[in-house]
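Protein chains in written order, with our numbering: chain Y, 234 to 491; chain G, 234 to 491. We put the beta carbon where it would ideally sit given N, CA and C, even for glycine. These notes concern the structure reproduced below.
2 protein chains.
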Amino acid sequence: MSKNVTLNNPSNVEAVNILKSGFKDHRSIIIVGNCSVYYKGRASSQLGDGERIIILKPDGSALIHRPKDYPPVNWQPPGSLFRIKLDNDSIGLRIFRKKENEVIEVKIMSIIFLAVLDLTDVAEFNLHASEKDMQEAILLQPSLIEDNFRPITSERHVEPGFIDIMGYDNKNVLTIIEIKRKKATKKDVMQLKKYIDSLNVGEKRNIRGIIVAPYLAKGSQELISSFRYEFKLITPQQCSEILLKKKSKVITDYFNIK
Amino acid sequence: MSKNVTLNNPSNVEAVNILKSGFKDHRSIIIVGNCSVYYKGRASSQLGDGERIIILKPDGSALIHRPKDYPPVNWQPPGSLFRIKLDNDSIGLRIFRKKENEVIEVKIMSIIFLAVLDLTDVAEFNLHASEKDMQEAILLQPSLIEDNFRPITSERHVEPGFIDIMGYDNKNVLTIIEIKRKKATKKDVMQLKKYIDSLNVGEKRNIRGIIVAPYLAKGSQELISSFRYEFKLITPQQCSEILLKKKSKVITDYFNIK
DNA sequence: TAATAAATGTCGTTT
DNA sequence: AAACGACGTTTATTA
C-alpha cells in the first residue's frame with residue numbers, strides 16, 4: 234500500500250471514504266474541484282461555483298485558493314477541525330473552530346483531482362534581515378550608530394511599549410533608538426517621541442532620539458528635525474552581513490581555542 | 234488530449250517539459266515534492282530539504298507550503314515570472330519579480346506529484362461585515378448613532394487621513410465618528426483625537442467624538458472619557474443585517490414601481 | 001487572556 | 001510612485 238493516494242475524477246463516494254481516512258491519519262490533503270464556499274465568523278462571505286484548490290494540513294490549517302491571487306479566498310488557521318459528509322449530489326466539507334465560532338462550509342460538486350499525502354518536512358527555516366536582526370547587529374557592533382555608542386539595555390519597557398535600543402553616546406547623553414526594517418514613517422517618528430516623552434515625565438532630561446531605517450518617508454525628516462531627533466541610515470542587509478560575520482567569527486574562535 | 238495533466242512520480246525531464254508548456258499556456262500548477270528553497274529580496278531566507286506543496290497560478294502568484302502552518306513559508310504576489318531548468322540531479326525553479334528585486338529559487342530534487350490544470354473560476358466573492366459595511370449601514374440609517382444624527386460627508390480627508398463619518402447631532406454640534414469592526418484600542422482613540430485636533434487648528438470649536446465598535450480594549454474607556462469623547466456599541470453583524478434589509482427593500486420598491 | 005508591535009505583511013485608494 | 005489605512009489580517013511576545 235502506497236503511503237500517498239492520488240486520484241483523478243474520483244466519485245464522491247470514493248472521495249469521502251479516502252478523505253475520512255486521510256483526516257484520521259493526519260495527512261496533507263489536496264482537493265481540486267468545483268465547489269461553492271460559505272464562511273461565517275468575524276465576518277461572513279459567499280463564493281459561487283468555481284474550480285479551486287483546497288489544501289487541508291495535518292495541523293488543522295486550511296486554504297481555499299482560486300486560480301488567481303496570492304491570499305486564499307477563504308481559510309482557517311491551525312487548530313481547525315475537518316468534517317466531511319456525503320450529500321445527494323455533492324460532498325459537504327466543514328472546516329471550523331468551535332471556540333472562535335468560525336465556520337467554512339464547502340459544497341464540493343465534483344472533484345477533478347484528490348491527493349492524500351504523507352509529507353515529511355523537518356527542515357529548519359532561517360529568515361534574515363528582520364527588525365530583530367537589525368537590533369542584534371547594532372548590539373553586536375554599536376559603532377554602527379556612531380563611535381563610542383554604548384547600549385545599556387535592549388527592549389526596555391516604558392509605558393507606551395518597548396524601546397528598541399537604549400544607550401549612552403560619546404558625551405554620556407541618554408540615547409533612544411527606534412529601528413525600522415523599511416521606510417520610517419511619520420508614525421514611527423511619533424512612536425519614538427512617545428517613548429522619549431514617557432522617559433521625561435519627571436525632571437526634563439537631555440535625551441537623544443535616533444530613527445534607524447534604510448530610508449525615510451516624505452515628511453518624516455521634517456518631523457525628526459522638529460523634535461531635534463536624528464536619522465541614521467542602516468539597511469537590514471548591512472545588519473544581516475554583520476551578524477553573519479560575527480557568528481562565523483564566534484565559530485572560528487571556538488576552533489582556535491580547541 | 235485532456236486539458237488537465239496529472240502525474241505521479243514523473244521523471245525530472247518529463248516534469249520540466251510539462252511545466253514549460255504549463256507556463257506557456259498560463260495554467261494553474263501544483264507541484265508536490267522534495268525541495269529546498271532560497272529567497273532573497275526585502276529579506277532573505279533559506280529552507281533545507283523537505284516535502285512541500287508548490288502552487289503556481291496563471292496570474293504569476295506563487296505559494297510554497299510546508300505540511301503545517303497557515304501562511305506559505307515562501308511566496309510571491311501576482312505578477313511574478315516563472316523560469317524552470319533541468320539540472321544534473323534536480324530541477325531549478327526560479328520565481329522572481331525583476332523590478333522589486335525579489336527572487337525565490339526552488340531546487341526540486343524529486344517530484345511526488347505534478348498537476349497542470351486549466352481551472353475555471355469566474356464566481357463573485359461577497360464579503361460582509363467589513364468596516365466599509367458598517368460605514369454604509371450608519372449612512373443608510375444614521376439613527377444607529379442616535380436620533381436625529383445627520384451625516385454630512387463620509388470619508389472626509391483631513392491632514393492625518395480620512396474621517397470615517399462626519400455629521401451634526403441633535404443640537405447641531407459637529408460630530409466625528411471613528412469606526413472599528415472589532416475591539417477599539419487606545420491607538421484608535423488617539424486616531425480619532427488626531428482627526429478632531431486637525432479640525433480644531435484655527436478657532437476652537439465644540440466637536441463631539443464618537444468611537445463606534447463592538448467593544449473596547451482595556452484602557453480605551455478611560456482615554457475616551459479623558460478627551461470627553463463617547464463610545465457607541467455597534468457590531469459589524471448589526472450593520473450587515475441593516476444593509477441586507479435596506480437592499481432587499483430597494484429591490485421590493487423596484488418591483489412595486491414596476 | 002489581553003495588549004502590543006512586527007511582517008518579505010498584502011491590498012485597495014487617493015494624491 | 002508614495003502615503004495611508006483596512007484586513008476574517010496572522011503571528012509572536014509579554015504582562
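Beta-carbon separation (whole angstroms), residue i vs residue j, contact threshold 8 Å
i        : j        : result
Y/Ser278 : Y/Asn307 : 7 Å
G/Ile297 : G/Val270 : 6 Å
G/Leu425 : G/Ile444 : 6 Å
G/Arg327 : G/Glu338 : 6 Å
G/Asp421 : G/Lys413 : 5 Å
G/Val246 : G/Leu319 : 6 Å
Y/Leu360 : G/Ala276 : 6 Å
Y/Ala362 : Y/Ser481 : With a Cβ gap of about 17 Å, Y/Ala362 and Y/Ser481 do not count as contacting.
G/Ile288 : G/Leu377 : Incorrect: roughly 42 Å between the Cβ atoms, too far for contact.
Residue i (DSSP reduced to helix, strand or coil)
i        : result
Y/Ser269 : strand
Y/Lys318 : strand
G/Val246 : helix
Y/Lys340 : strand
G/Gln279 : strand
G/Lys419 : helix
Y/Ala356 : coil
G/Gly293 : coil
G/Ser254 : helix
G/Tyr487 : Any answer about G/Tyr487 is weak, because its pLDDT of 49 lies below 50 and its placement is not dependable; what the coordinates show is given next. DSSP places G/Tyr487 in helix when its eight states are reduced to three.
Y/Ser541 : Not covered by the structure: residue 541 of chain Y. The range shown for chain Y is 234 to 491.
G/Glu335 : strand
Y/Gln374 : coil
Y/Ser323 : coil
G/Glu436 : coil
Y/Pro304 : coil
G/Glu474 : helix
Y/Glu455 : helix
G/Lys413 : coil
G/Glu369 : helix
Contact under 8 Å by Cβ, residue i with residue j
i        : j        : result
G/Ser261 : Y/Pro300 : yes
Y/Gly283 : G/Asp351 : no
Y/Glu463 : Y/Arg441 : yes
Y/Gly274 : Y/Glu364 : no
Y/Pro243 : Y/Ile344 : yes
Y/Leu372 : Y/Lys419 : no
Y/Ile409 : Y/Ile385 : no
Y/Ala370 : Y/Leu476 : yes
Y/Lys402 : Y/Glu379 : The residue you asked about is not Lys; residue 402 of chain Y is Asp in the sequence shown. Result yes, Cβ atoms of Y/Asp402 and Y/Glu379 sit closer than 8 Å.
G/Pro469 : G/Asp366 : yes
Y/Asp292 : G/Asp302 : yes
Y/Gly325 : G/Ala356 : no
Y/Ala348 : Y/Ile263 : yes
Y/Gly400 : Y/Pro375 : yes
G/Lys332 : G/Cys268 : no
Y/Thr239 : G/Asn241 : yes
G/Ala417 : G/Ser453 : yes
In DSSP terms, what residue i is bridged to
i        : result
Y/Pro384 : Y/Gly400
Y/His361 : G/Ser277
G/Arg441 : G/Thr408
G/Val238 : G/Val349
G/Thr329 : Note on identity: in this sequence residue 329 of chain G is Phe, with Thr being the wrong assignment. DSSP output for G/Phe329 lists G/Leu314, G/Val336 as bridge partner(s).
Y/Ile467 : Per DSSP, none; premise fails for Y/Ile467.
G/Ala446 : G/Leu466
G/Glu284 : G/Asn267
Y/Ser261 : Y/Leu350
G/Gln309 : G/Ala295
Cβ-heavy atom distance, residue i to the ligand NAD, below 7 Å
i        : result
G/Ile251 : Judged by which ligands are present, the structure shown has none, so any question about the ligand NAD falls away.
Using a Cβ-Cβ cut-off of less than 7 Å, list which residues of the stretch 348-381 of chain G approach chain Y; keep chain order.
Answer in chain order: Ala348, Leu350, Leu352, Thr353, Asp354, Val355, Ala356, Glu357, Phe358, Asn359, Leu360, His361, Ala362, Ser363.
Could you run through the stretch 310-321 of chain Y and flag, in chain order, every residue whose CB is less than 8 Å away from some CB of chain G?
-> Going along the stretch 310-321 of chain Y in chain order, one finds Pro310, Pro311 with a Cβ nearer than 8 Å to chain G.
Inset, instruction - Using a Cβ-Cβ cut-off of less than 8 Å, give me the residues of the stretch 270-289 of chain G that come near chain Y, in sequence order. - result: Correct list: Arg275, Ala276, Ser277, Ser278, Gln279, Leu280, Gly281, Asp282, Gly283, Glu284, Arg285, Ile286, Ile288.
Item to check | Contact residues within the stretch 292-303 of chain Y, judged by C-beta distance below 9 Å to chain G | outcome: Near chain G, meaning a CB-to-CB distance below 9 Å, the residues of the stretch 292-303 of chain Y are Asp292, Ser294, Ala295, Leu296, His298, Arg299, Pro300, Lys301, Asp302, Tyr303.
**Request:** Could you run through the stretch 399-417 of chain G and flag, in chain order, every residue whose CB is less than 9 Å away from some CB of chain Y?
**Result:** Answer in chain order: Arg414, Lys415.
Any C-beta of chain G within less than 9 Å: which residues of the stretch 450-477 of chain Y qualify? Legend: CB atoms of the stretch 450-477 of chain Y lying less than 9 Å from CB atoms of chain G belong to residues Pro469, Gln470, Ser473.
**Asked** Any residues in the stretch 417-438 of chain G with a beta carbon nearer than 8 Å to a beta carbon of chain Y? Which ones, in chain order?
**Response** Taking 8 Å as the Cβ-Cβ cut-off against chain Y, none of the residues of the stretch 417-438 of chain G qualify.
> Using a Cβ cut-off of 8 Å, which residues of the stretch 254-270 of chain Y contact any Cβ in chain G, in chain order?
Replying inline: Residues Ser261, Ile263, Val265, Ser269.
Quiz item: If contact means a Cβ-Cβ distance below 7 Å, which residues of the stretch 324-347 of chain G contact chain Y?
Solution: Taking 7 Å as the cut-off between beta carbons, the residues of the stretch 324-347 of chain G near chain Y are Ile345, Phe346, in sequence order.
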